[in-house]
Amino acid sequence: MAKVYFQVNVPIRNSVQPEQCGLHVFTGPADTWLEALRIARETCDTAVAAQEAGVPVPRRRPDGWGARGLRPGWVLDWPAATVDAWEHDRMFRPENPPPSRWEGRPW
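In the working numbering, the protein residues as written are 67 to 173.
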């Protein structure tokens, strides 16, 4: 069965000016919503580490996930992240429906 293309929406806020907030969106294929969340977090962590080391953020991974456009000084709220099928593809596997909100489970 083909992987579903997921969208992981992570609320962000400016650490210096907390009234400034937004959403960072990660997209890519995964077998389940939990795997999509894990891959998005992994991809983000790799990009943040590159930024902190002063090297270019890696481009899209071979599996299609990427983390371009991260803003230094902005905090990602992973416990509030949501996972959904990407807008162009609303199919889910019936045995793995994603929750409407991440409930703080370990990734």
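Note that CB positions come from ideal geometry on N, CA and C, so glycine has one too.
- prompt: What is the DSSP secondary structure of GLN83, counted as helix, strand or coil?
  reply: coil
message: What does the Cβ neighbour count give for LEU89, buried or exposed, with the cut at 16 atoms within 10 Å?
response: exposed
- prompt: Just checking, does the segment 91 to 110 make contact with the segment 67 to 76 on the three C-beta pairs under 8 Å criterion?
  reply: yes
query: In angstroms, rounded to a whole number, what distance separates the CA positions of GLU101 and TRP144?
result: 14 Å
message: Which same chain residues end up closer than 8 Å to VAL91 when comparing Cβ atoms and leaving out the 5 residues on each side of it in sequence?
response: GLN73, VAL74, ASN75 and VAL76
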